[in-house]
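Line order of the protein sequences matches chains D and L. For the first sequence, our numbering begins at 1 and goes up steadily by one. For the second sequence, our numbering begins at 304 and goes up steadily by one. Worksheet for the structure shown next.
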Amino acid sequence: MAGSIPIQLKTDKEAAYAKKRAVKGSKLVPIVLTTIALLFFILMLIIPLISVFVKAFEQGANLYFASITDPIALKAIKLTLITIAITVPINTVFGLAAAWAIAKFKFKGKNLLITFIDLPFSISPVVAGLIFVLLFSTSHGLFAPLLNALGIKIIFAPPGIIIATIFVTLPFVARELIPLMEAQGTAEEEAALTLGASGWKTFWHITLPNIKWALLYGIMLTTARAAGEFGAVSVVSGHIRGLTNTVPLHVEILYNEYKFSAAFAVASLLTLIALVNLIVKNVAYSKMNRIHKAGEKKNVPEA
Amino acid sequence: MVKNKIRKNILRISLTGLLIAANLVSFAGCSKEASNNQGSSKKTEPITILNVSYDPTRELYQDYNEAFQKYWKEKTGQDVTVQQSHGGSGSQARTVIDGNEADVVTLALAYDIDSINKNKEILSKDWQKRLPHNSTPYTSTIVFLVRKGNPKNIKDWDDLAKPGVEVITPNPKTSGGARWNYLAAWGYALRKYSNDPEKAREFVKAIFANVPVLDSGARGSTTTFVERGLGDVLIAWENEALLSLNELDKDKFEIVVPSISILAEPPVAVVDSVVDKKGTREVAEAYLEYLYSDEGQEISAKNYYRPRSEEIKKKYASQFPEVELFTIDEVFGGWDKAQKEHFDDGGVFDQIYEKK
């Protein structure tokens with residue numbers, strides 16, 4: 001307070017000047033910050049994104065479509081789609097079950113379970129890949145005798161790629177759901193059950209509608225990572241063309257073969273998946289926030 | 304009561320999860336059946352073999368596989384598919400050790416094929432005696448790629464050791480090609496200083512003092528030199544240098560052939576334990592033998608590998624200038640010895656590169 005007294009004693013002119021300067025300063029700061037953020041955004045995101053498409057179409061649309069419809073590229077796309085089709089449902093079910101258990105129940109080892117769910121986030125994908133080599137290698141792996149007896153191949157075959165992808169994308173759904181489900185509590189489910197609804201009915205009509213946007217957000221994150229995972233998949237793939245090459249691995253191969261335009265053509269597919277994903281995620285995110293806010297308002301009078 | 308019901312739900316959900324996991328296992332089972340089908344190779348049934356190779360042979364085997372498919376179909380009536388896998392020679396050997404079921408391996412150097420046998424005998428120890436010319440159907444050598452007009456006037460190995468010249472080569476610890484580069488320089492120095500190992504060491508040390516960055520593989524170094532524009536000279540496989548010259552920009556680079564270089568022998572071998580398990584021995588052996596045929600040799604030459612056949616070599620003489628070549632056995636007493644002395648941890652390479 002003491003500091004403000006001399007200002008009041010200043011002449012009107014000086015006061016007006018000070019006010020002007022303050023307003024000017026407060027206008028300048030957001031402009032500078034926005035410019036920095038925008039420039040950074042353009043430099044780090046927009047230009048690289050555009051350059052992918054520019055390079056992809058550099059040698060014409062014919063080459064672009066030829067690179068995408070090349071039989072080996074199609075097989076890579078198919079493998080990536082199969083990987084997504086298996087990984088996403090499994091991790092959705094697991095994520096739901098884990099989030100439910102963690103958010104709605106108290107049990108021993110709960111914190112341990114949360115830590116384990118986060119493990120794939122903190123492990124480098126290369127190490128994750130090597131873990132599966134150690135487990136499933138048919139020459140020195142932990143399960144080598146079993147795999148050889150059954151004649152099953154896991155690593156250097158599609159199952160290895162799928163398992164590695166499941167491992168890497170395991171936390172996404174659960175991590176999205178846990179905070180939301182914890183915040184929602186068990187009151188609504190308990191009400192439904194006491195009113196005589198069956199367990200399944202409660203799940204479909206109460207739990208699922210409450211979490212559907214967060215669930216979708218988690219699923220989209222899982223899909224994006226499953227499509228784009230490189231490190232872990234690279235380790236267990238063996239790089240067999242047309243058999244164990246996913247789209248990201250195929251991009252690397254094309255690049256190393258000096259087929260730059262083809263590499264970026266296939267890379268642009270991944271970019272497109274990412275963009276679609278981003279849009280769906282944004283919709284899910286805004287819906288999630290709206291429901292969250294509505295929920296808070298509704299809760300106010302009750303509290 | 305309420306909690307019990309919710310618990311039941313969890314049980315149901317986990318059961319669904321298990322069901323899906325079971326599906327995954329049956330998916331794995333499918334690929335097992337598929338490989339079994341390939342195993343019982345009746346002559347009319349299509350057959351698949353896997354060739355695990357190193358980085359620069361991509362274009363070579365793309366062409367060769369097509370030719371072999373035709374040849375095998377005409378000879379036996381059977382359709383054969385050859386799957387390809389490429390990467391750094393050392394890491395490719397590693398995947399075979401880890402259980403990548405290669406019917407044949409076609410790697411950068413004999414040491415890498417030997418190392419597949421380190422823990423367990425996966426292929427016969429005398430593999431290198433089973434096919435002509437040390438099981439090496441094509442050879443290459445080490446040359447220099449320089450920028451157009453050769454601004455630093457690089458003519459021979461001496462020029463790489465001069466101060467102010469930037470040399471690009473991959474890391475001999477991880478790259479097969481880089482080991483050939485290193486040994487070629489070493490062999491030249493031994494010749495120059497009448498077999499004085501101390502002087503050879505100083506010479507190679509001076510070259511590596513000029514290396515700003517060691518990439519992990521041959522393709523990585525080529526990209527560094529060609530795409531990123533780093534360095535004055537790239538030490539490279541002759542086939543890789545010719546390929547980058549023809550695939551990329553002919554007006555930007557030229558090849559300099561040194562006075563002496565090493566005869567690089569990238570060998571091939573059938574992986575016995577795999578072909579016996581899959582029942583693919585016959586086709587795998589034919590696949591490698593056909594590399595020595597006129598057609599196989601011609602395809603090698605077209606893809607810038609020096610053919611063994613004198614006749615085909617003459618035909619492509621303009622592409623492969625005469626160079627005095629020494630072998631690793633003559634100068635270094637074989638790969639095993641060279642590897643231990645120079646490239647193992649604490650070996651000569653570590654000593655000269657760390658003291659930089």
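Positions of the beta carbon are idealized from the N, C-alpha and C atoms, including for glycine.
Worksheet item: Secondary structure at L/P475, three-state DSSP: helix, strand or coil?
Response: Coil.
Discussion item. I need the straight-line Cα distance from L/K423 to L/R397, nearest angstrom please.
Written reply: Straight-line Cα distance between these residues: approximately 13 Å.
Practice prompt. Tell me L/A567's beta-bridge partners as DSSP assigns them.
Written response: Looking at the DSSP assignment, L/A567 forms a beta bridge with L/S443.
Discussion item. Whole angstroms are fine: how far does the CA of L/D459 sit from the CA of L/H389?
Written reply: For L/H389 and L/D459, the distance between alpha carbons rounds to 31 Å.
Discussion item. So, does the region 552-568 of chain L touch the region 429-445 of chain L, judging by three or more C-beta pairs under 8 Å?
Written reply: Touching, yes, given that three or more Cβ pairs across the two stretches are closer than 8 Å.
Discussion item. Please report the straight-line C-alpha distance between D/F65 and L/W540, rounded to a whole angstrom.
Written reply: For D/F65 and L/W540, the distance between alpha carbons rounds to 33 Å.
Worksheet item: For D/F167, which option in D/A99, D/I84 and D/L208 has the closest C-alpha, if you only look at C-alpha atoms?
Response: Taking each of D/A99, D/I84 and D/L208 in turn and checking the Cα distance to D/F167, the smallest one comes out for D/I84.
Worksheet item: Per DSSP, what kind of secondary structure is D/V283 in: helix, strand or coil?
Response: In the structure shown, D/V283 sits in a helix (DSSP, three-state: H, G or I).
Discussion item. Cβ closer than 7 Å: which chain D residues qualify as neighbours of L/L398?
Written reply: Sequence inspection shows Thr at residue 398 of chain L; the Leu mentioned does not correspond to that position. Within chain D, the residues near L/T398 are F156 and G238.
Worksheet entry | Supposed close pair D/F116, D/A164 - CB separation, criterion 8 Å | The Cβ separation is near 17 Å, so there is no contact.
Discussion item. Among D/I273, D/Y217 and D/G199, whose alpha-carbon lies nearest the alpha-carbon of D/P171?
Written reply: If you compare the alpha carbons of D/I273, D/Y217 and D/G199 with that of D/P171, the shortest gap goes to D/Y217.
Worksheet item: Exposed or buried, which one is D/L38 when buried takes at least 16 other CB atoms within 10 Å?
Response: The residue in question, D/L38, is exposed, as its Cβ has fewer than 16 Cβ neighbours within 10 Å.
Worksheet item: If you draw a straight line from the C-alpha of D/W213 to the C-alpha of D/K287, how long is it?
Response: D/W213 and D/K287 have their C-alpha atoms spaced approximately 7 Å apart.
Item to complete: Determine the closest residue to D/V88 out of D/E188, D/V126 and D/I162, with distance taken between C-alpha atoms.
Response: Ranking the options by Cα distance to D/V88, first place goes to D/I162.
Worksheet item: Using a Cβ-Cβ cut-off of 8 Å (strictly less than) and excluding sequence neighbours within five positions of L/F330, which residues of its own chain qualify?
Response: Its pLDDT being 47, under 50, L/F330 is placed unreliably in this model, and the value from its coordinates should be taken loosely. Answer for L/F330: no residue qualifies.
Worksheet entry | Proximal residues of chain D, C-beta to C-beta of L/E543 below 8 Å | Within 8 Å Cβ-Cβ: nothing; L/E543 doesn't reach chain D, min ~11 Å.
Item to complete: Could you tell me whether the Cβ of D/L243 comes closer than 9 Å to any Cβ of chain L?
Response: Cβ-Cβ to chain L under 9 Å: yes for D/L243.
Practice prompt. Could you tell me whether the region 236-250 of chain D touches the region 180-189 of chain D, where touching means 3 or more Cβ pairs closer than 8 Å?
Written response: Segments in contact, no.
Worksheet item: Just curious, the alpha helix (DSSP H) that L/F528 is in, first and last residue?
Response: It spans A521 to V529 - the alpha helix (DSSP H) in which L/F528 sits, taken as one unbroken run.
Worksheet item: What residues from the region 253-276 of chain D come within 8 Å of chain L, judged by C-beta to C-beta, listed N to C?
Response: Within the region 253-276 of chain D, the qualifying residues are I253, N256, E257 and Y258.
Worksheet item: Should D/V127 be labelled buried (16 or more other beta-carbon atoms within 10 Å of its own) or exposed?
Response: D/V127 should be labelled exposed.
Worksheet item: Is L/V408 closer than 9 Å to L/A544 when the C-beta atoms are compared?
Response: Cβ distance not < 9 Å, so L/A544 and L/V408 don't count as in contact.
Worksheet item: What residues in its chain sit with their C-beta under 8 Å from that of D/L270, if we drop five residues either side in the sequence?
Response: These residues qualify, in order along the chain: A227, G228, V247, P248 and V251.
Discussion item. With H, G and I counted as helix, E and B as strand and the rest as coil, what does DSSP make of D/T207?
Written reply: Correct three-state label for D/T207: helix.
Discussion item. Counting only Cβ pairs nearer than 7 Å, list the residues of chain L close to D/V133.
Written reply: What D/V133 touches in chain L: D401.
Worksheet item: What is the C-beta distance between L/I538 and L/V586, in whole angstroms, given that I count them as a contact (C-beta under 8 Å)?
Response: Contact doesn't hold; Cβ gap of about 37 Å is too wide.
Fill in: Inter-residue spacing [alpha-carbon to alpha-carbon] between L/Y593 and L/P466
The alpha-carbon atoms of L/Y593 and L/P466 are separated by roughly 47 Å.
Practice prompt. State yes or no: is the beta carbon of L/D358 nearer than 9 Å to at least one beta carbon in chain D?
Written response: Judged by the 9 Å Cβ criterion, L/D358 is in contact with chain D.
Fill in: Distance, L/Y357 Cα to L/G480 Cα
Computed Cα separation, rounded: 10 Å.
Practice prompt. For L/P610, name the three-state secondary structure that DSSP assigns.
Written response: The three-state secondary structure of L/P610, taken from DSSP, is strand.
Worksheet item: Taking Cβ to Cβ, would you say L/G402 is nearer than 9 Å to D/S234?
Response: Against a cut-off of 9 Å, the Cβ pair of D/S234 and L/G402 comes out as no contact.
Discussion item. Within 9 Å of any Cβ in chain D, is that where the Cβ of L/L353 sits?
Written reply: Interface residue, yes.
Practice prompt. Give me the Cβ distance between D/P158 and D/L79, rounded to the nearest whole Å; I'm assuming they're in contact under 8 Å.
Written response: Rounded, the Cβ-Cβ distance is 6 Å, consistent with contact.
Practice prompt. Apply the 10 Å Cβ neighbour rule to D/W204 and answer buried if 16 or more other Cβ atoms are within range, or exposed otherwise.
Written response: Exposed.
Worksheet item: Of all the residues that make up the region 33-52 of chain D, which are near chain L by a beta-carbon distance shorter than 9 Å?
Response: For the region 33-52 of chain D, the set of residues with a beta-carbon nearer than 9 Å to any beta-carbon of chain L is empty.
Practice prompt. Indicate the three-state DSSP secondary structure (helix, strand or coil) for L/I558 in the structure shown.
Written response: In the three-state reduction of the DSSP assignment, L/I558 falls in the strand class, which pools E and B.
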